[in-house]
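Structure first, commentary second.
There are 2 protein chains.
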Amino acid sequence: MASGEKTLTVVALGGNAILKPGQEGTARQQIENVNETMRQIGKMVLSDTYKIVVSHGNGPQVGNLMLQNEIAKEEVPSHPLDVCGAESQGFIGYMLSQSLDNVFNQNGRGDIPVATVLTQTLIDEDDPAFEDPSKPVGPFYTEEAAERLREEKDYDMIEDAGRGYRRVVPSPEPLAIVEKEPIRQLLAAHTVVIAAGGGGIPVVREGDKLLGREAVIDKDLASEQLAEDVGAKVLLILTDVESVYLNYNEPDQKPIDRMTVDEANDYIEQGHFARGSMKPKVEAGIKFVESGGKKAVITSLDKVFEALDGETGTTITK
Amino acid sequence: MASGEKTLTVVALGGNAILKPGQEGTARQQIENVNETMRQIGKMVLSDTYKIVVSHGNGPQVGNLMLQNEIAKEEVPSHPLDVCGAESQGFIGYMLSQSLDNVFNQNGRGDIPVATVLTQTLIDEDDPAFEDPSKPVGPFYTEEAAERLREEKDYDMIEDAGRGYRRVVPSPEPLAIVEKEPIRQLLAAHTVVIAAGGGGIPVVREGDKLLGREAVIDKDLASEQLAEDVGAKVLLILTDVESVYLNYNEPDQKPIDRMTVDEANDYIEQGHFARGSMKPKVEAGIKFVESGGKKAVITSLDKVFEALDGETGTTITK
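Following this line, the structure appears as structure tokens:
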């Protein structure tokens, strides 16, 4: 099948795709989860209908790296958050690449190339998020330790009810994927690409230099930016529920099959979607179709094909 | 200048390019070193004479990750060596990519794309190295801790005179770069690629599956494999000395300007080059020109251009 006929799709994996709630987080567990995920994602490629870029979160993995850094800090110089993010892209990209290689091999299609591209995401130094750090990252601390980090490292710390204190960092808007050109080149040559892991490593442009920043970019918004930057037709956001719901978790919850941008904006205004959870996914979907994307689909891993066909899940169109 | 005229070159960075002896290993120090390195490497690209792939070691970085894993193991599940290697590729690839982006931008050539490709290197499960693990990795342990690791984890441990006990892992031969096809695609599209970090993540093929192994592939031999796999004309191996020497560090030491494969093999047989240091570099050079490469050049970072012109450094030809 000619590549021109394939639908370029950015697939944003949910957290469950790599680490399930309650799991301890050994590499083995994560690899098993990834294998399950990639059997399904691989089918999209093997169907010869989709050309895909896979993006993913990194919350638990970067949290573990930060905890290791904290515990070992007397012996090993601690890394800043941007470096931990880069390390998590290496770890998760390795699992996803290898797992997808294996799915293709097991289906006699070992000829399909797969590549993880380390990704930096451009943000604006003047993003208002820097005035209001709100994204908790890394380990929990005692009140005394939190106070010390405030003084010594100028960290912003908040109390997380009952569980202790945590560092909060800004969550700025993604403006561009720094590696968009190489990613485009790979897609043009029929390679399946893994990119923008954890929302990408946040970098600002200072004069003629890129510099890393300690921040976290929402992975669904970064996936949307990636989809724009590579000219994708579809943005597929995977999560742990089959659809987006009105009145979610209430007796009268109701799945949304389709919504236009206007309807989606109305629902957001009415407060239907949880901040930091479903809301950024719907916002990413809106931004994508407004920027020229054909449709955004939000669903769960097991319903991917039905949802892409419009039989379940939630589809956002202009 | 048409790309056909550029000389495809794999540049294998030495350890000093990222972390200098005696440095503690903060991210900031490493970024400063990398910036210095990349100003020079960037010139190769800006000269419009070379198309390059950059590879690099990861010894100190993966050592620090393993030490963090060990210290934090009660709280965070420890990662196997292949995962630590993947993490180090993310970290180092991030520094190298960003630094090279900045060099290009500062020279008005922000249009040159740069990409770090996470790299797996295929090894043979039956490689004799698995019978004789010899490469020390990670932290030093007491005799008691070493004994415990032997029993609990089946690690091979050796005594490192005076400094304690260390784990040793196999150092098998690289057979192929798993991501060679995407790397080729990027090079064809004029992207500068960073790949095969730390020799690549060692993977074996078991039936129709790739699986990670706890081993370390020599980064110069992996760089040679990469050079073969992408069809490079030149393999440039950077180290901390200007040339390869006969009778190195003896009163009558003598730099070698050029050597043929036969001469190089003779010198190896005569024991001129140190195991784990200059020997694998010369061996990589020999293998490269025997496999059809035009020349291998071994020199220091500051002599790159003179050495490529044959004015200093050591050139190996068939």
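Each protein sequence line maps, in turn, to chains E and Z. The first sequence lines up with residues 341 to 658 when you count with this note's numbering. The second sequence lines up with residues 341 to 658 when you count with this note's numbering. For glycine and all other residues, C-beta sits at the position ideal for the given N, C-alpha and C.
| How is the beta strand (DSSP E) around P522 (chain Z) delimited, first residue to last? | Per DSSP, P522 (chain Z) belongs to no beta strand (DSSP E); it is in the alpha helix (DSSP H), 520-528.
| Looking at the structure shown, is P514 (chain E) part of a helix, part of a strand, or coil, going by DSSP? | coil
| request: In the DSSP assignment, find the unbroken beta strand (DSSP E) run with G354 (chain E) in it and report its ends. | output: Neither: G354 (chain E) is in no beta strand (DSSP E) and is coded neither H nor E.
| field | Short CB-CB distance (under 8 Å) between F480 (chain E) and chain Z | value | Contact of F480 (chain E) with chain Z is not assigned, every C-beta pair being separated by 8 Å or more.
| message | Any C-beta of chain E within less than 7 Å: which residues of the region 434-447 of chain Z qualify? | response | Y434, S437, Q438, D441, N442, N445, Q446
| query | Skipping 5 residues on each side, what residues in its chain have a beta carbon closer than 8 Å to that of P522 (chain E)? | reply | V457
| Measuring CB to CB, does E427 (chain E) end up less than 8 Å from L405 (chain E)? | yes
| Mind checking if H396 (chain Z) is an interface residue toward chain E, Cβ cutoff 8 Å exclusive? | no
| In whole angstroms, what separates the C-alpha of T366 (chain Z) from that of R553 (chain E)? | Near 16 Å, if we compare the C-alpha coordinates of R553 (chain E) and T366 (chain Z).
| Selected residue, minimal CA-CA separation from G313 (chain E), among E:I596, E:D467, E:L440, E:Y607 | Here chain E has residues from 341 to 658 only, and residue 313 (chain E) is not among them.
| Are any of the Cβ atoms in chain Z nearer than 8 Å to that of K559 (chain E)? | no
| field | T461 (chain Z) beta carbon less than 8 Å from that of G354 (chain Z) | value | no
| query | What runs of the beta strand (DSSP E), each 3 residues or longer, lie entirely inside the region 565-629 of chain E? | reply | 574-579, 584-586, 594-596, 598-600
| Range covered by the beta strand (DSSP E) that runs through Y505 (chain E) | Counting along the chain, the beta strand (DSSP E) containing Y505 (chain E) begins and ends at 504-509.
| query | Measuring CB to CB, does G290 (chain Z) end up less than 8 Å from T459 (chain Z)? | reply | This structure leaves residue 290 (chain Z) out entirely; chain Z is present only between 341 and 658.
| Proximal chain Z residues relative to G538 (chain E), where beta-carbon distance stays under 8 Å | What G538 (chain E) touches in chain Z: nothing, since even the nearest Cβ is about 10 Å away.
| message | Is the separation between the beta-carbon of D569 (chain Z) and that of A624 (chain Z) shorter than 8 Å? | response | no
| said: For E345 (chain Z), tell me which candidate among Z:D592, Z:K573, Z:V622, Z:S640 has the shortest Cα-Cα distance. | reply: Z:K573
| task | Could you name the residues of chain E that L407 (chain Z) contacts, counting a contact when the two beta carbons are closer than 9 Å? | result | A412, E415, V416
| Rounded to a whole number of angstroms, what is the C-alpha to C-alpha distance between G362 (chain Z) and P400 (chain Z)? | 11 Å
| Of all the CB atoms in chain Z, is at least one closer than 8 Å to the CB of N404 (chain E)? | yes
| task | For D602 (chain E), go through chain Z and note every residue whose CB falls closer than 9 Å to its CB, in chain order. | result | Chain Z residues near D602 (chain E): none, gap ~38 Å exceeds 9 Å.
| task | Using 10 angstroms around the beta-carbon of R506 (chain Z), count the other beta-carbons present and answer buried if the total reaches 16, otherwise exposed. | result | buried
| CB contact below 8 Å: S428 (chain Z) versus chain E | yes
| message | Tell me which residues share the same chain as D464 (chain E) and place their Cβ nearer than 8 Å to its Cβ, disregarding the 5 neighbours each side in the sequence. | response | Within its own chain, the residues whose Cβ lies closer than 8 Å to the Cβ of D464 (chain E), once the five positions on either side in sequence are excluded, are P512, E513, L515, V544, listed in chain order.
| Going along the chain, which residues of its own chain have a beta-carbon closer than 8 Å to the beta-carbon of P420 (chain E), five neighbours each way excluded? | G552, E554
| message | Taking 7 Å as the limit between beta carbons, can you name the residues of its chain near G643 (chain E), skipping five residues before and five after? | response | First, the amino acid is wrong: residue 643 (chain E) is Lys here, not Gly. E582, T652, G653.
| query | Can you tell which of Z:I498, Z:Y390, Z:K360 has the C-alpha that lies nearest to the C-alpha of A528 (chain Z)? | reply | Z:Y390
| Pair within 8 Å by beta-carbon distance, Y607 (chain Z) and L578 (chain Z) | no
| Can you tell me the Cα-Cα spacing of K635 (chain E) and T655 (chain E), whole angstroms? | In a straight line, the C-alpha of K635 (chain E) is about 7 Å away from that of T655 (chain E).
| field | Proximity of A352 (chain E) and S563 (chain E) at Cβ, strictly below 8 Å | value | yes
| query | Alpha carbon to alpha carbon, what distance is there between Q565 (chain E) and V477 (chain E)? | reply | 23 Å
| So, is the C-beta of H419 (chain Z) closer than 8 Å to a C-beta in chain E? | yes
| task | Determine, using beta carbons only, whether Y434 (chain E) and V423 (chain Z) come nearer to each other than 8 Å. | result | yes
| query | In whole angstroms, what separates the C-alpha of S395 (chain Z) from that of A535 (chain Z)? | reply | Going by the C-alpha atoms only, they are around 5 Å apart.
| field | Where Y495 (chain Z) falls: helix, strand or coil (DSSP) | value | coil
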